[in-house]
Structures are given as C-alpha cells and as structure tokens.
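The structure appears right after this line, and notes come after that.
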Amino acid sequence: MRLTRWISAAAFAAASFGVVAEQSAPNIIYIVGDGMGFEYISAYRYAYDDPNQPGLSATEFDDLLRGSATTYPDDDTLVTDSAAGATALSTGTKSYNGAIAVDSQHQPLQTLMQKARNHGWSTGAVVTSQVNHATPAAFFTHNVSRRNYDAIADEMATQTGENQWSFDVMLGGGLSYFKRNDKDWISVLQNQGMTVVTDFADLTRVQQTPVLGLFAPVGLPHAIDDDVNRLAYMTSNALRLLSAKDKPFALLIEGSQIDWCGHANDIACAVREMDSLNRTLRVVREFRQQHPNTIVVVTADHSTGGLTLGRDGEYAWFAQRVMKINASIEVMTADLLGMPGTEWKTYLQKQMPGLAFTAEQWQQLLAPAGIKDVKARKAAISDALVAVTADVTGTGWTTHGHTGVDVPVLAAGPTSEQLQGYMNNTDIAHHLCALIR
C-alpha cells in the first residue's frame, strides 16, 4: 500500500521539528547509500533532469560533495562486502568480509552508536532493508558473520540495561526475524515497554521512544514498485522522535536498496532508489536548517554492479528511456513467471510503455516462456530483462557483485569541512566518533 495515502509534500512540512537548544556536541546524521558509487549519482542526475529547463536540474547531492573514500576490507581482495564496509564506517577499523563490528580476530569493536550511547546520546536507524541486515547490524551489534540474522535480531532486541536497548528508534523491515517460531520478540518487547509498529500509518501516532518499526517481513519493497517517499517518511518521523529530547543524537539512515538494484543490474530500479535517497536528503536538509548544530555525512560502503552510462562503444545513454520502465526486474520476473506466455507481450508493454523494442529484443524477452523447468525459466526471464533493458537504455554492467572503486563523501554542518579530499572510509568514522563527548 502506497505511503501517499498517508503523506504528501505538505504533510512532510507539517511534521515540523521542534527547535531545541544548541548542544556543544552536534547531532550526527550518518547517511549510507548502500552500493552508491559516483556513477549512481550521475545516473540519477540525468534520469531526473527536466529537459524543459536549461542546464541540469539541481539535486540534494550537489552542494554536499567533499571528496572520496576508499572501500577496501581487511582482506587481500580489495573489494568489500557491505558488512566489512559498514564495520569500517561504524568503528573506524578495517575487518574481513562478513564481519559485523568485529575485527579480524573476531573481537568486538566499539561502534559509533555504542560510544554515543555511553555518552548519554539518543541513537537510531532508518533503513529500507531488514533492520538486522549488514549495515544497521554493524552499527548496533557484533557478530562474526552477517548471515547470522536471527542472532543479530536477538542482540538488537535484548536489553542492554533496565528498560534500555542499543537504540531509541529503529525503523525498516525484518518482522520475520523478530517474530519467529522459536522466539516472539514482538510480545517480549511490548511487555518490556517498547512501542512496536508494523503499519506505516501508525508511525506518525508514535510520540515516545523506544520504538521499533518493522514494516515488511524482510526488506521493504523497491521504491519503483511501492512508494518513493518511504525512506523520507521514516526519516521524518525518526528525526521528530529523536529531536524531542534535549540531548544530542546519532542517526543512521541507509538507502539500502540502491545496492539491491545494482546486484540485479536493474537501472530503472536503481534510479528510483536514488530518488528515494534524494527526497530523504531534502528532509534532512530542512531539519538541519532548524538545527544547525547537526553534522550530516553521506557516503557509500562500496559501489555495486560496475554500472556505466554508455556501452558497446556507443557514446549515448538514454535517460528518458530509463524513466519509461515502471517496475523492477524482480517484480516483472515474478509476474511473468505466473502467467501464460501469450500474455507476456501485453504485460511488458504495460510495464515499459513507450519503449520501442526491436524484433530481436522481443524474441529475447518472450523466449523464456517455452522453458519447462520453473527455476530455469525464472533465471532466463530475469537475464532477458537485464539484457534488453540495458541494451535499450545504453546501460553497461560488469558484475552482479561489488566493485573496488572509490565512493563519494558528502557532508555539511559543524566540522564537515575537515572531511575534504581523498580519504579512507575509516577516517569518516574516526572524525564522527571524535565529536561524541
């Protein structure tokens, strides 16, 4: 169900943030575009440009650029996964791929959120993945493997003291990990005094912390398939709740599914996730205007997919064609898998209106209908959609995994000018942790 039933641009403005007294230590808003290399910002800029206006349309990213950061892990691969990347960003220490805030000897590392908690700050996270996914996990828990989802959820749900948890606000997906056959954390948490919400509509009615919002069994739907405002909506409410207390806070915000769309080699999905993040940056900018003692840092844990704007020697990328694709490859694949092949062409024309496919491209899209094995047919559908959407838009991909390129560092607010030029991703964590006092 779309968030636009409950919110609008006016509603965002109406959910104003009460201005609180300036703190000697600044609020920290740490924003991670998971998988967001520089090329994703370029793709977003071109895809959402207004062709009727001179020059390129402005984005929320424009005025924030400070420099770039390396992303390599404490492995000999040079290419990080999200867990090692998040561990570097949260602790200031490199670790192995798969590590959740532990070092290469499996010893726990102090995270930014732990330090903030120890100094009496409020803490929170807003993500579009499950809340126990790699990035939020590495800010709030410790584990030798990111794959231990149940154990990570257990640590998040376990009290750190009397009526205390590691967070005040935690919003995202992941309900299935907190309400399991072997453990019903939802009932436990509610009995202990935590507010738990599972419906977006209820979030605006929450007036006090701690609050755990779990709005999907695992990750939230892609922005292209649901509502592009969902991350901004959660962020607006998290800022409302955290700023209500007269003390500084540290908030993690993750555009989690930029990475997921990159893994899927789905360019239309990726630019919608970038739009979701851009809308969230607008909410954060409006908050910072009312709370100038707030530092905002935006970066990525890595880039995903080896995205290129232009391919096969053709000097062209067709941004307007990207915007004519109305569903993710994941959703189109699932839908096609469940319908007879005779209906495929009509369905695809509806989901990608205005795209003129060649006869060869149509043959490529429709050929998987004849595959009997369901698993093989599903893979063939997805592969065909990736190939054709990339071809028609001029998009290149080199991998379904991550790449080792440097990523952007964007920042604003007190001391942000120190995050200048070329740096290691661990330098960002060191800088922010030093502000906690």
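Per mature numbering (1 follows the signal peptide of the UniProt record, and there is no 0), the sequence shown runs over residues -21 to -1, 1 to 416.
Ideal Cβ positions, reconstructed from N, Cα and C, are used throughout, including at glycine.
Residue 111 and residue 153 closer than 8 Å at C-beta: A contact, by the Cβ cut-off of 8 Å.
If residue 251 and residue 313 are in contact, beta carbons under 8 Å, what's the gap, nearest whole angstrom? Rounded to the nearest angstrom, the Cβ distance from residue 251 to residue 313 is 17 Å, too far for a contact under 8 Å.
For residue 48, does the count of other Cβ atoms within 10 angstroms reach 16, so buried, or fall short, so exposed? By the Cβ-count criterion, residue 48 is buried, with 16 or more other Cβ atoms from all chains shown falling within 10 Å of its own Cβ.
Kindly confirm or deny that the region 213 to 225 and the region 172 to 191 touch, where touching means at least three C-beta pairs closer than 8 Å. Flag = yes, the region 213 to 225 and the region 172 to 191 touch.
If you compare alpha carbons, which of 98, 116, 94, 97 is closest to residue 104? Looking only at 98, 116, 94, 97, the smallest Cα-Cα distance to residue 104 is reached by 116.
Below 8 Å, how does it come out for the region 241 to 251 and the region 279 to 289: are there three or more Cβ pairs, yes or no? Yes: the two stretches touch, three or more of their Cβ pairs being nearer than 8 Å.
What are the residues that DSSP puts in a beta bridge with residue 401? Looking at the DSSP output, residue 401 shares a beta bridge with 47.
For chain D, is any of its Cβ atoms less than 8 Å away from the one on residue 288? The question asks about chain D, but that chain is absent: this structure has only one protein chain.
Where residue 136 and residue 164 are concerned, what is the direct C-alpha to C-alpha distance, given to the nearest angstrom? Straight-line Cα distance between these residues: approximately 7 Å.
Report the residue ranges of all beta strand (DSSP E) runs contained in full by the region 126 to 186; include only those spanning at least 3 residues, in chain order. DSSP assignment within the region 126 to 186 yields the following whole beta strand (DSSP E) runs of 3 residues or more, N-terminal first: 148 to 152, 174 to 176.
Return the Cβ separation of residue 360 and residue 316 in integer angstroms, given the expectation that the two are a contact with Cβ distance under 8 Å. Sure, about 6 Å apart at Cβ, within 8 Å.
If we count the other Cβ atoms within 10 Å of its Cβ and call it buried at 16 or more, is residue 142 buried or exposed? By the neighbour-count criterion, in which 16 or more other beta carbons inside 10 Å mark a residue as buried, residue 142 falls on the exposed side.
Rounded to the nearest angstrom, what separates residue 168 and residue 34 at their Cα positions? So the two alpha carbons sit approximately 52 Å from each other.
Would you decide whether residue 52 is buried or exposed? Buried here means 16 or more other CB atoms lie within 10 Å of its CB. When all chains shown are included, residue 52 counts as buried.
Quick one: any contact between the region 401 to 409 and the region 25 to 43, if contact means 3 or more CB pairs under 8 Å? Short answer: they don't touch.
Identify every residue that forms a DSSP beta bridge with residue 227. According to DSSP, which records beta bridges pairwise, residue 227 is partnered with nothing at all.
From residue 59 to residue 267, what distance separates their C-alpha atoms? Their backbone Cα atoms lie some 31 Å apart in a straight line.
With DSSP as the reference, label residue 241 as helix, strand or coil. Looking at residue 241 - three-state DSSP - the assignment turns out to be helix.
Distance, Cα to Cα, residue 298 vs residue 26? Looking at the two C-alpha atoms, the distance is approximately 5 Å.
Is the beta carbon of residue 70 less than 8 Å from the beta carbon of residue 80? Yes. Within cutoff.
Assuming residue 234 contacts residue 256 (C-beta within less than 8 Å), just tell me the rounded distance between them. That belief holds up - the Cβ atoms of residue 234 and residue 256 are roughly 4 Å apart, short of 8 Å.
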